Every structure is written in structure tokens, then in C-alpha cells.
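Visitor:
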Amino acid sequence: MSEQLVKYQTAEGVAEILLDRAPVNALSRQVIDQLLAALQRARDDTKVHAVIVASAQKVFCAGLDLDIIDLPGVLRRPVKKSLEETCAQPFFMSRTSRW
7 MSEQLVKYQT
17 AEGVAEILLD
27 RAPVNALSRQ
37 VIDQLLAALQ
47 RARDDTKVHA
57 VIVASAQKVF
67 CAGLDLDIID
77 LPGVLRRPVK
87 KSLEETCAQP
97 FFMSRTSRW
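Per the working numbering, the sequence shown starts with residue 7, numbered consecutively.
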């Protein structure tokens, strides 16, 4: 069983997707796949009308994990294209500070 690096929960029509890869939520292939799966889950749930992507860590997301760049085939499926296919409806992203 793979490690759960992206958590998903819903309440009152809102899906919360929580990134949880310490220390800075760097985007590994596993995080990207789990994030896309969570977004698909929210998209397919007719009761979900909004999605919040947040972080369990102090840092929201450091970006791409540089350790995966040299792995064969890792970047052949562009993340942006995957997000566009998964999130066909318009969405808004906002960054807020907790501290």
C-alpha cells in the first residue's frame, strides 16, 4: 500500500484536499498522481460545489521535487495538461497565510 500524501474529505458541499508530504510538500510523481485523483474524485461527486486545496505543512508547496526529473518517463505526461483534463470547469486559486 502506498503512502497517503494527499488527504481528501468533504463537508457541506466543499471538498478539502490536503497536501501532506513533509517538510515542504514537494511534488513527487506520487503526490501529483494522488492530487489528480483527489481532483477527479471532487469533480465526479455531484454534491461537491467547491474545492479547497490546503497544506498540512507550514509551507503550502515548494514545487516540483527535483529528484524526479531524471526518472524515465516521469515528465512525459505534462502536469498542466493533466490538470486541464481533470478540472474542465473554471477554478480559482488563492493563497492565504495562516501565521
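Note that beta-carbon positions come from the ideal geometry of N, C-alpha and C, so glycine has one too.
Remember, it's a predicted structure, so these values are computed and weren't measured experimentally.
Please state whether the Cβ-Cβ distance between residue 26 and residue 60 is less than 7 Å.
Guide: Cβ distance not < 7 Å, so residue 26 and residue 60 don't count as in contact.
Visitor: Please work out which residues of its chain come closer than 8 Å, Cβ to Cβ, to residue 53, disregarding the five sequence neighbours upstream and downstream, and give them in chain order.
Guide: So the qualifying residues of the chain are 16 and 19.
Visitor: Please identify the residue among 33, 32, 30 and 14 whose C-alpha is closest to the C-alpha of residue 24.
Guide: For residue 24, the nearest C-alpha among the options comes from 14.
Visitor: Whole angstroms are fine: how far does the CA of residue 91 sit from the CA of residue 31?
Guide: Cα to Cα, residue 31 sits roughly 23 Å from residue 91.
Visitor: Using the three-state DSSP reduction, which class does residue 74 fall into: helix, strand or coil?
Guide: Reduced to three states, the DSSP call for residue 74 is helix.
Visitor: I'd like the list of long-range same chain contacts for residue 33, defined as Cβ closer than 7 Å, with 5 residues on each side in sequence excluded.
Guide: Closer than 7 Å at Cβ, skipping near neighbours: 67, 69, 70 and 71.
Visitor: Note down the Cα distance separating residue 51 from residue 74, rounded to an integer number of angstroms.
Guide: Whole-angstrom Cα-Cα distance: 31 Å.
Visitor: Can you grab the Cα-Cα spacing for the pair residue 58 / residue 8, in whole Å?
Guide: Rounded to the nearest angstrom, the two C-alpha atoms are 23 Å apart.
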